[in-house]
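Undergrad: The structure follows.
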Amino acid sequence: MKYIVSIGLETHVQLKTATKMFCGCNLSTDCPPNTNICPVCMGLPGALPLMNKEAVKLTVMSGLMLGCEISKYSKFDRKNYFYPDMVKNYQISQNTHPLCIGGGVDITANGAPKHIRINHIHLEEDAAKINHYARHSGIDYNRCGTPLMEIVSEPDMSSPDEAMEYLTTLKQILVYAGVSDCNLEDGNMRSDVNISIRPEGQEQLGTKIEIKNMNTFKGIYAALEHEIARQTAVVSAGGVIQQETRRWDADLGETITMRTKENAHDYRYFPEPDLLPVVLDDETIDSWRKLLPELPSQKKDRFVEQYAIPEYDANVLSAQLPVADFFEKTIACGAQPKMVSNWIMTELLRLLGESGKELADIPLTPESFASLLKLLDKKTINMPTAKELFPELFEKGGDPEAMVKERGLGQVSDSGAIEGFAKQVIEANPKVVEDFLGGKGPALQFLVGQIMKLSRGKANPQMAAEVIKKQLGV
Amino acid sequence: MEEKKTHIDVARVCELAHFDICAEEMTEFQAQLDNILAYVNKLDELNLDGIEPTMYGQPVVNSFREDVVTPSLPREDVLRNAPDSANDEIKVPKIVE
Ligand SMILES: [Zn+2]
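Protein sequence lines correspond, in order, to chains A and B.
Following the numbering used here, the numbering of the first sequence begins with 56 at its first residue and continues without gaps.
Following the numbering used here, the numbering of the second sequence begins with 115 at its first residue and continues without gaps.
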């Protein structure tokens with residue numbers, strides 16, 4: 056029996072605001088525990104929440120990026136539960152009237168495009184961080200009240216790979232829009248995973264299992280693989296999947312029952328009486344729409360069109376916004392697009408990868424990068440010289456033109472000088488010359504190499520090859 | 115829309131809300147709540163098609179603040195309210211859900 060897998064994700068994304076959702080407490084991450092707390096986020100009696108407009112704006116911008124319909128009317132509700140990560144004993148969330156409805160994420164599944172629908176996006180507040188120790192648990196309420204956007208997908212993904220594609224694309228879009236850092240290590244993006252299987256041919260979805268609070272993509276992938284195997288084994292053996300919430304134990308590499316349907320929470324949602332509804336007019340929504348950046352996929356298409364670079368290159372360059380910006384700024388400084396693209400994809404991304412640095416942290420500017428490539432393009436310097444200068448520019452920055460002048464790195468394209476070197480090389484290597492004349496291609500490379508050596512790397516290699524051939528009468 | 119409730123089980127509500135009340139109170143409150151619900155259910159006699167539930171008493175919307183940091187409480191004050199603390203964290207019995 057073959058089974059069809061249905062996966063849905065509820066992804067919680069911390070928004071990039073300066074302050075909390077309902078109070079002015081600072082959200083910077085490196086503060087000592089329990090220093091960003093006030094009567095509102097501690098739920099002290101009489102304290103009243105006041106909504107952060109920026110959080111509403113960022114959620115609406117996310118909705119616009121993801122093709123959602125923006126609600127003209129939305130409201131907040133209390134979700135009641137007892138757990139020490141939420142001091143008020145309720146979380147302010149949106150139950151019935153979320154800010155964004157519908158939309159979706161376009162992914163590639165098995166080489167073909169696939170649309171993963173989004174059910175809705177709602178806005179809520181994050182809970183505190185609990186640390187577990189041997190004999191007690193300790194709570195840091197700094198995180199409590201952080202604006203948290205929950206993006207709820209439809210169960211449209213049919214493999215762990217598609218779930219990864221969805222999350223990666225979603226993260227890329229949200230980082231692009233500047234609504235979140237989506238930093239997984241910092242817990243900026245956490246997902247609850249729904250998964251069910253059903254026999255091929257059955258229309259109705261199988262009973263779903265929820266796996267809570269996954270904060271790494273790798274963990275989600277492993278949990279899904281495990282859960283698909285587990286459910287398939289249960290159903291194949293004639294068993295029945297019970298609706299329940301499970302927890303992924305990364306050490307054991309398996310999911311474990313957290314609570315069954317009978318013990319499911321009853322959150323007793325009701326409208327939050329301390330907050331007013333949010334009513335958005337077209338003018339406001341349009342003014343936020345104007346702040347949206349180009350989608351990564353749109354940028355990719357534009358790069359192909361505008362700079363005549365291959366689709367593959369455009370894909371790599373548009374994957375990260377800082378890289379895409381660097382590419383365009385370098386071209387704006389007069390460098391040749393295909394050349395910029397090649398150098399970013401090979402040299403620049405390699406050095407970034409090796410050094411573990413971000414583009415923003417290195418002293419190399421688009422101006423000096425463009426200047427180096429222009430020197431190469433005009434054949435003022437040759438490729439080996441450019442490749443030698445590049446790591447230095449990457450590390451320390453600088454003006455390539457001045458460096459070339461000061462160090463006398465200009466390429467020797469003066470035919471007189473090269474002819475002199477060629478003559479010496481031919482005289483000194485009669486055996487190799489014979490090999491070359493006998494038809495051995497690599498022998499020419501050796502002779503050119505010798506000229507490069509004599510010129511201390513500055514000869515124009517194409518010219519050197521031509522001069523040798525000319526002198527040997529080939 | 116939420117389904118119409120014709121009965122609210124006081125015992126269940128108390129359990130969910132972590133309320134501890136005695137048997138007599140339970141009976142008394144259940145009767146009172148049933149009464150209140152019966153009263154509200156009178157609304158069913160009207161045709162309410164297309165009428166949105168009233169969720170707010172005033173016709174006011176959009177009360178926002180700008181995203182500007184305001185001072186938080188001193189940590190000593192926060193921790194003084196907690197039953198116990200350790201390493202600047204609020205200490206609670208070990209909980210694992
Ligand atoms: Zn606060």
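C-beta atoms are modelled at their ideal positions from N, C-alpha and C, and glycine is treated no differently.
Every value quoted in this text rests on a predicted model; they were computed, and no experiment measured them.
#1: Whose Cβ in chain B lies nearer than 9 Å to the Cβ of A/F272?
#2: Apply the 10 Å Cβ neighbour rule to A/Q259 and answer buried if 16 or more other Cβ atoms are within range, or exposed otherwise.
#3: What residues are listed by DSSP as bridge partners for A/Y145?
#4: How far does the beta strand (DSSP E) with B/H132 in it reach, from first residue to last?
#5: Where A/N515 and A/M394 are concerned, what is the direct C-alpha to C-alpha distance, given to the nearest angstrom?
#6: So, does the CB of B/D123 fall closer than 9 Å to a CB anywhere in chain A?
#7: At a Cβ threshold of 9 Å, is B/L187 touching chain A?
#8: Please confirm if A/Y58 has its CB atom under 9 Å from at least one CB of chain B.
#9: If you measure from the beta carbon of A/Y188 to each beta carbon in chain B, is any gap under 9 Å?
#10: When the cut-off is 9 Å and only beta carbons count, does B/R179 lie next to chain A?
#11: Ordered along the chain, which non-local residues of its own chain (more than five positions away) have a Cβ less than 8 Å from that of A/E482?
#12: Would you mind reading off the limits of the alpha helix (DSSP H) that contains A/I340?
#13: Which class does A/C155 belong to by DSSP, given the choice of helix, strand or coil?
#14: With respect to 8 Å, is the separation between the Cβ of A/G101 and the closest non-hydrogen atom of ligand 1 below this value?
#15: Would you mind giving the Cβ-Cβ distance between A/Y58 and A/T310, rounded to the nearest angstrom? I have them listed as a contact below 8 Å.
#16: What separation, rounded to the nearest whole angstrom, lies between the Cα atoms of A/N249 and A/T315?
#17: So which residues on chain A does B/L130 lean against when the C-beta distance must stay under 8 Å?
#18: Return the chain-ordered ranges of every beta strand (DSSP E) run that is complete within the segment 159-217 of chain A and spans a minimum of 3 residues.
#19: Where A/R357 and A/E447 are concerned, what is the direct C-alpha to C-alpha distance, given to the nearest angstrom?
#20: Are the beta-carbon atoms belonging to A/I162 and A/K169 less than 9 Å from one another?
#21: List the residues of chain B whose Cβ lies closer than 7 Å to the Cβ of A/T114, in chain order.
#22: Is the beta carbon of A/M97 less than 9 Å from the beta carbon of A/V142?
#23: Residues bridged to A/E309 by DSSP?
#24: Taking A/G463 as the reference, which of A/M120, A/K513, A/S423 and A/D490 has the closest Cα?
#25: Is it the case that the CB of A/M97 approaches a heavy atom of ligand 1 more closely than 8 Å?
#26: Smallest Cα separation from A/T114: which of A/G158, A/N165, A/E180 and A/M204?
#27: Can a CB atom of chain B be found closer than 9 Å to the CB of A/Y138?
#28: Note down the Cα distance separating A/G200 from A/D181, rounded to an integer number of angstroms.
#29: Nearest CA to the CA of A/Y136: which residue from A/L376, A/R323, A/E299 and A/Y231?
#30: So does A/I296 have its beta carbon nearer than 8 Å to some heavy atom of ligand 1?
#31: Give the interface partners of B/K208 over in chain A, defined as CB-CB distance under 9 Å, in chain order.
#32: Against A/V334, what residues of chain B qualify as contacts under a CB-to-CB distance less than 7 Å, listed in chain order?
#33: Give me the residue from A/Q361, A/V334, A/D432 and A/L404 with the minimum Cα distance to B/P83.
#34: Under 9 Å between C-beta atoms, does B/L193 make it to chain A?
#35: How far does the beta strand (DSSP E) with A/Y276 in it reach, from first residue to last?
#36: Quick check on the DSSP output: the beta strand (DSSP E) that includes A/N249 runs from which residue to which?
TA: Based on what the coordinates show:
#1: The count along the first sequence starts at 1 and reaches residue 272 of chain A at position 217. The premise fails here: A/F272 is roughly 23 Å from chain B at the closest Cβ pair, so nothing lies under 9 Å.
#2: Locating residue 259 of chain A in the first sequence gives position 204, counting from the first residue. Burial call: exposed.
#3: Here residue 145 of chain A refers to the residue found at position 90 of the first sequence. For A/Y145, which the question treats as bridged, DSSP gives the partners A/N135.
#4: Here the question's residue 132 of chain B lines up with position 18 in the second sequence. Unbroken run through B/H132: none, as it is neither H nor E.
#5: The sequence position of residue 515 of chain A within the first sequence is 460, counting from 1. The sequence position of residue 394 of chain A within the first sequence is 339, counting from 1. So the two alpha carbons sit approximately 18 Å from each other.
#6: To locate residue 123 of chain B, count along the second sequence from 1; it is residue 9. So, not an interface residue.
#7: Reading the second sequence from its first residue, position 73 is the one you call residue 187 of chain B. It does: the Cβ of B/L187 has a partner Cβ on chain A nearer than 9 Å.
#8: Walking along the first sequence from the start, residue 58 of chain A turns up at place 3. For A/Y58, no CB of chain B lies under 9 Å from its own CB, so it is not counted at the interface with that chain.
#9: Your numbering for residue 188 of chain A matches position 133 in the first sequence. Chain B contact via Cβ: present.
#10: Residue 179 of chain B sits at position 65 when you count from the first residue of the second sequence. Closer than 9 Å: yes.
#11: Translated into positions along the first sequence, residue 482 of chain A becomes position 427. So the list is empty, once near-sequence residues are dropped.
#12: Looking up residue 340 of chain A in the first sequence gives position 285. First-last of the alpha helix (DSSP H) with A/I340: D337 to R344.
#13: On the first sequence, residue 155 of chain A is found 100 positions in, with the first residue counted as 1. Correct three-state label for A/C155: strand.
#14: Here residue 101 of chain A is taken as the residue at index 46 of the first sequence, counted from 1. Not one heavy atom of ligand 1 sits closer than 8 Å to the Cβ of A/G101.
#15: On the first sequence, residue 58 of chain A is found 3 positions in, with the first residue counted as 1. On the first sequence, residue 310 of chain A is found 255 positions in, with the first residue counted as 1. Contact between A/Y58 and A/T310 does not hold, since their C-beta atoms are separated by about 17 Å, which reaches or exceeds 8 Å.
#16: Taking the first sequence and counting its residues from 1, the one referred to as residue 249 of chain A is at position 194. Taking the first sequence and counting its residues from 1, the one referred to as residue 315 of chain A is at position 260. Taking the Cα positions, A/N249 is about 14 Å away from A/T315.
#17: The residue you call residue 130 of chain B lines up with position 16 of the second sequence. Residues of chain A passing the Cβ test: N135, D321 and R323.
#18: Listed in chain order, the complete beta strand (DSSP E) runs (minimum 3 residues) inside the segment 159-217 of chain A are 159-164, 167-180, 184-187, 191-195 and 202-208.
#19: Translated into the one-based positions of the first sequence, residue 357 of chain A becomes position 302. Translated into the one-based positions of the first sequence, residue 447 of chain A becomes position 392. Answer to the nearest angstrom: the Cα atoms are 32 Å apart.
#20: Working through the first sequence from its first residue, we reach residue 162 of chain A at position 107. Working through the first sequence from its first residue, we reach residue 169 of chain A at position 114. In this structure, A/K169 lies closer than 9 Å to A/I162 by Cβ.
#21: Stepping through the first sequence from its first residue, residue 114 of chain A is reached at position 59. What A/T114 touches in chain B: nothing, since even the nearest Cβ is about 13 Å away.
#22: Your numbering for residue 97 of chain A matches position 42 in the first sequence. Your numbering for residue 142 of chain A matches position 87 in the first sequence. Yes, they are a contact pair.
#23: What you label residue 309 of chain A is simply residue 254 of the first sequence in a count that begins at 1. The partner list for A/E309 (beta bridge, DSSP) reads A/D304.
#24: On the first sequence, residue 463 of chain A is found 408 positions in, with the first residue counted as 1. When only C-alpha atoms are compared, the closest one is A/K513.
#25: Locating residue 97 of chain A in the first sequence gives position 42, counting from the first residue. Within the cutoff, so yes.
#26: Here residue 114 of chain A corresponds to residue number 59 of the first sequence, with the count starting at 1. The residue with the shortest Cα to Cα distance from A/T114 is A/M204.
#27: Mapped onto the first sequence, residue 138 of chain A falls at position 83. At least one chain B Cβ lies under 9 Å of A/Y138.
#28: The sequence position of residue 200 of chain A within the first sequence is 145, counting from 1. The sequence position of residue 181 of chain A within the first sequence is 126, counting from 1. In this model, A/G200 and A/D181 are separated by some 5 Å (Cα to Cα).
#29: Mapped onto the first sequence, residue 136 of chain A falls at position 81. Ranking A/L376, A/R323, A/E299 and A/Y231 by Cα distance to A/Y136 puts A/R323 first.
#30: Numbered from 1 along the first sequence, position 241 holds the residue referred to as residue 296 of chain A. A/I296 has its CB no nearer than 8 Å to any heavy atom of ligand 1.
#31: Start at 1 with the first residue of the second sequence, and residue 208 of chain B comes out as number 94. Residues of chain A with a Cβ closer than 9 Å to the Cβ of B/K208 are, in chain order, H187, Y188, A189, R190, H191 and S192.
#32: Indexing the first sequence from 1 puts residue 334 of chain A at position 279. Here the neighbours are V175 and N176.
#33: Given that chain B is displayed from residue 115 to residue 211, the structure contains no residue 83 of chain B and the question cannot be resolved.
#34: On the second sequence, residue 193 of chain B is found 79 positions in, with the first residue counted as 1. For B/L193, the answer is yes, since a Cβ of chain A falls inside 9 Å of its Cβ.
#35: Position 221 of the first sequence holds residue 276 of chain A. For A/Y276, no beta strand (DSSP E) segment is defined; the enclosing uninterrupted segment is the alpha helix (DSSP H) at F272 to S291.
#36: To locate residue 249 of chain A, count along the first sequence from 1; it is residue 194. Run containing A/N249: M244 to P254, per the beta strand (DSSP E) assignment.
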